[in-house]
Amino acid sequence: MPRKGILVDRPYERLTREQVELIHQASMQILTAPGLISFNREAVDILHSHGAAVESIAGDHQSWQIKIPEQVVLSAMNSAPKTVKLGARNLDNTLIMHGDEPRVYLITGSETNIWLDVDFPTYVNKADPTREIRVPEFKPRRGTVDDLCQSAHVCEHLEMVDGYIRTVNIQDRDITEENKDVNKFFASLNNNTKHFMSGLTSLKQLDNVVRMAELIAGGKKALEDNPIISFITCLVKSPLQFVDDTTDTFIEVCRRGLPIVVSSSPQAGTTAPIKEAGIMAQINAEVLAGITLGQLVKPGTPVLYGSVPVRARMDTLGDSYGSVETSQYNIDCVQMARFYRLPNYSTSGVCDSKIPGQQSSIERLFSDILVTMSGPQFLHCAFGLLDCNSVFCLLQAVLDDAHFKMIEFFLRQPRIDQPELEAMLKQIREVVATPQKLYIGHIRPLLRSGKISGVYPFEGSGEADNVFELAYERMKELLARPVEHIDRETTTRIFEEIPGILPRLNIYESGS
Amino acid sequence: MSKDIIATIKENVIQGRKTQEDVGIDDSLAGTPGVVELMQQALKKNISPQAIITDGLTAGMQVVGEKFSTKEYFIPDMLASAEAVGAAMDIMKPVLESANVETKGKFAIATVRGDIHDIGKNIVAILVRGSGYEVHDLGVDVPAEKVVEFVREEKPGYLGLSALLTTTMTEMGVVIKALEESKLRNSVKVLIGGAAVSEEFAQEIGADAHCVDAFDAVRVLEGY
Chain E
6 MPRKGILVDR PYERLTREQV ELIHQASMQI LTAPGLISFN REAVDILHSH GAAVESIAGD
66 HQSWQIKIPE QVVLSAMNSA PKTVKLGARN LDNTLIMHGD EPRVYLITGS ETNIWLDVDF
126 PTYVNKADPT REIRVPEFKP RRGTVDDLCQ SAHVCEHLEM VDGYIRTVNI QDRDITEENK
186 DVNKFFASLN NNTKHFMSGL TSLKQLDNVV RMAELIAGGK KALEDNPIIS FITCLVKSPL
246 QFVDDTTDTF IEVCRRGLPI VVSSSPQAGT TAPIKEAGIM AQINAEVLAG ITLGQLVKPG
306 TPVLYGSVPV RARMDTLGDS YGSVETSQYN IDCVQMARFY RLPNYSTSGV CDSKIPGQQS
366 SIERLFSDIL VTMSGPQFLH CAFGLLDCNS VFCLLQAVLD DAHFKMIEFF LRQPRIDQPE
426 LEAMLKQIRE VVATPQKLYI GHIRPLLRSG KISGVYPFEG SGEADNVFEL AYERMKELLA
486 RPVEHIDRET TTRIFEEIPG ILPRLNIYES GS
Chain R
172 MSKDIIATIK ENVIQGRKTQ EDVGIDDSLA GTPGVVELMQ QALKKNISPQ AIITDGLTAG
232 MQVVGEKFST KEYFIPDMLA SAEAVGAAMD IMKPVLESAN VETKGKFAIA TVRGDIHDIG
292 KNIVAILVRG SGYEVHDLGV DVPAEKVVEF VREEKPGYLG LSALLTTTMT EMGVVIKALE
352 ESKLRNSVKV LIGGAAVSEE FAQEIGADAH CVDAFDAVRV LEGY
């Protein structure tokens, strides 16, 4: 049984059908004029052999101007699967995404350099030393492989997390560019039985991580049937450029037939127009170009329409995930993907705030609610991310899980039908005839049925605001719960066959 | 046999099953007699009313209170149990009177003149009744004269006054003044409650206690 996700009954849409078609047409025009610049030779050759016009550009770096005719794009879109399955170590965590069904799966990610620790030092009131309070203090540091294990472990137990994207960049002293991929894949897969998605640091490690996945899934065919891993590549750099190394990675993943996200992340105001029509036409062209390339490499490659549009901050020109427009762009992208009937990889929850607190709660809830309501199939960045995607805080992920539980409850379909109304009329007539006129007695059959939402799970007693302390306790409780690690025999084979995995990650040998 | 019935009464109080039609907290007792039916059986068998009250009703409510304080039970559970106990007390009233067994006391409650809000008042009435007191609900928008008349005639030991609005809370002071003028103030403990009132206000108008909620009202009564 696949995970149920959140099925949005009537998804929120900002664009009319006519506006969607106008964006599509504008994107088609962009793909022929100006077209894309490619710094990757193989992509040029593949597209050229299928009818794209190619012209070499003079300059220091070898590059080509590619103009992709509409027919090439439309033909490629036809071969892109409209349903994508993302497997999992635990089959109950399988994700089935239909491009025309607004069933939302909530996913972690993306990869941050900074891990945010939390502590609760006690402060004494100067005026009245008998009064003390505990105040959360957040301390940033570089992420490690142990942090990644912890994050995967807790996310295994977070009810609303449907799939796991590595949350933190591992920067231990013994991690190198060569062994980073095998360690991040193993650390994540060994501590989490949900679907795992990641980018690659080194293309040389692709076969090693695929082999690792085959060993875990039970063989090459088993991995095809149950793709427990998938990849994300930002092959397009905005505006409209195929990057050399990530395009190489993209092509190789497509050749292996594993699911992959074609992701584009233009920044409105700097690398894309700030006006909605402009950024939408451009990001759609960028994603379609990537999908087209993937389908030409191997028709039928399972692909997600990946959109991470963001508005620039006017004070720093950095990303502003907390801006209102960022949510608007993301919701528009969900509609565009649905227009092509492709599953969508969308973004919400990232905030501008640097630490958990009021700003982060407001920013992330705003986008989490609205983007979820638009019905993307794969909603990433939704747990624990702060400071515009550069900081991950596990405590925040625990809070986000509770908030998504509320959003899930809110999006339940209403039950308004004749039998229900007849039952309610009977109840109203009965209660109004009683002296006390209270409906409380009718609550009880629903109390423990899950049909009444609970109180905020981190509510303190009285006026005390203990949200962070209670969430921290919850986090520790989840860390203390065991997870289903990869079995001893498979672990042994992985360590024998895949070079570079840190010995301390072998729980059967290191005693950790 | 009597122990079995009393134990079953206690279990049904814990489950909040007033009659056999009630499902209760789970369906383990579904279709079996509830508190009302069990009370009728118990009285037919001449089981001691005191034993029923102490080992059945009060013991059951004690468990309910514990479950509420550990957050296993919610207010609707507590009220269902209190209603079951209240119904049991109604059935036992004639028996208790003929046996000269005293209840915990007579409690009158009213929403004061000008105010028609009664959710809080009703919940207090249910819980206080479920705690073994004889409750007289005078209703809503009750003028001071009517309260005074009831106190004079029925001699309740306790009087609860409720008001939701800042515009009607002053009427509580009017009632207390009227009781004083009628030389009845010392005969009755006056408890006030409602969203608008406070401990400070209770002292200002000369009430005996301010109750923050229905449970507090029971606690205050038990303290007298």
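Just so you know, the protein sequences line up as chains E and R, in that order. Just so we're aligned, residue 6 is where the first sequence starts under this note's numbering, counting upward by one. Just so we're aligned, residue 172 is where the second sequence starts under this note's numbering, counting upward by one. Note that CB positions come from ideal geometry on N, CA and C, so glycine has one too.
Partners in chain E for residue i, counting only beta-carbon separations shorter than 8 angstroms
i        : result
R/ASP248 : ARG449, LEU452
R/GLY187 : ARG449
R/ALA258 : By Cβ distance, chain E contributes nothing, its closest Cβ being about 12 angstroms from R/ALA258, past 8 angstroms.
R/ILE363 : Residues of chain E passing the Cβ test: none, with the nearest at roughly 20 angstroms.
R/VAL290 : Looking at the sequence shown, residue 290 of chain R is not Val but Ile. Simply LEU443.
Chain-ordered chain E contacts of residue i [CB-CB under 7 angstroms]
i        : result
R/ASN293 : GLN441, LEU443
R/ALA251 : GLY446, ARG449
R/PHE245 : LEU452
Extent of the continuous beta strand (DSSP E) run through residue i
i        : result
E/MET102 : 100-103
R/ASP308 : 305-308
E/TYR169 : 168-170
E/ILE42  : 41-43
E/LEU91  : 88-91
Sequence-distant residues of the same chain with beta carbon closer than 6 angstroms to residue i, five excluded per side
i        : result
E/PRO307 : PRO86, VAL89, PRO264
R/VAL193 : In the sequence as displayed, the identity of residue 193 of chain R is Asp instead of Val. GLY205, listed in sequence order.
E/VAL258 : PHE236, ILE265
E/ASN471 : GLY465
R/MET210 : ALA259, ILE262
E/VAL150 : ILE175, ASP177, ASN188, ALA192
E/ASN318 : The sequence given here has Arg at residue 318 of chain E, not Asn. So the qualifying residues of the chain are SER325.
E/PRO107 : VAL13, PRO16, GLY380
Contacting residues, own chain, Cβ-Cβ under 8 angstroms from residue i (five flanking each side not counted)
i        : result
E/ASP179 : LEU507
R/PHE321 : ALA279, HIS307, LEU309, PRO327
E/ARG139 : PHE125, PRO126, THR127, TYR128, GLU474
Residue(s) in a DSSP beta bridge with residue i
i        : result
E/LYS72  : E/ALA58
E/HIS385 : E/THR352
R/CYS382 : R/GLY364
E/MET202 : E/ILE170, E/SER235
R/SER399 : Outside the displayed span of chain R (172 to 395) sits residue 399 of chain R, for which this structure offers no information.
E/ALA317 : E/ASP324
E/GLY311 : E/SER268, E/TYR350
E/VAL241 : E/PHE247
E/PHE397 : E/TRP120, E/LEU390
E/ARG147 : E/ILE119
E/LYS303 : Paired residues: none, contrary to the question.
Terminal residues of the alpha helix (DSSP H) in which residue i lies
i        : result
E/VAL140 : Counting along the chain, E/VAL140 falls outside any alpha helix (DSSP H), and DSSP gives it neither H nor E.
E/VAL248 : E/VAL248 -> no alpha helix (DSSP H), and no H or E assigned at all.
R/ILE297 : 290-301
R/ASP387 : 385-394
E/SER366 : 363-379
E/ASP151 : 150-162
R/GLY344 : 341-352
E/THR497 : 493-502
E/VAL488 : Note, E/VAL488: premise wrong, no alpha helix (DSSP H); not H, not E.
R/VAL235 : 230-240
E/VAL129 : Unbroken run through E/VAL129 is the beta strand (DSSP E), 127-129; no alpha helix (DSSP H).
E/TYR334 : 329-344
E/ARG178 : Taken as a continuous stretch (DSSP letters only), E/ARG178 belongs to no alpha helix (DSSP H), as it is neither H nor E.
E/TYR513 : 512-515
E/LEU20  : E/LEU20 -> no alpha helix (DSSP H), and no H or E assigned at all.
E/LEU111 : Per DSSP, E/LEU111 belongs to no alpha helix (DSSP H); it is in the beta strand (DSSP E), 108-111.
Same chain only: Cβ atoms within 7 angstroms of residue i, ignoring 5 sequence neighbours per side
i        : result
E/MET480 : VAL159, LEU399, LEU400, VAL403
E/GLN300 : ALA81, SER84, ALA85, THR306
R/ALA270 : PRO220
R/GLY202 : GLN191
Residues in the stretch 191-211 of chain R having any Cβ partner in chain E nearer than 7 angstroms | VAL194
Residues of the stretch 433-448 of chain E whose Cβ lies closer than 8 angstroms to any Cβ of chain R, in chain order = PRO440, GLN441, LYS442, LEU443, ILE445, GLY446, ILE448
Proximal residues, the stretch 264-282 of chain R versus chain E, C-beta separation under 8 angstroms = none
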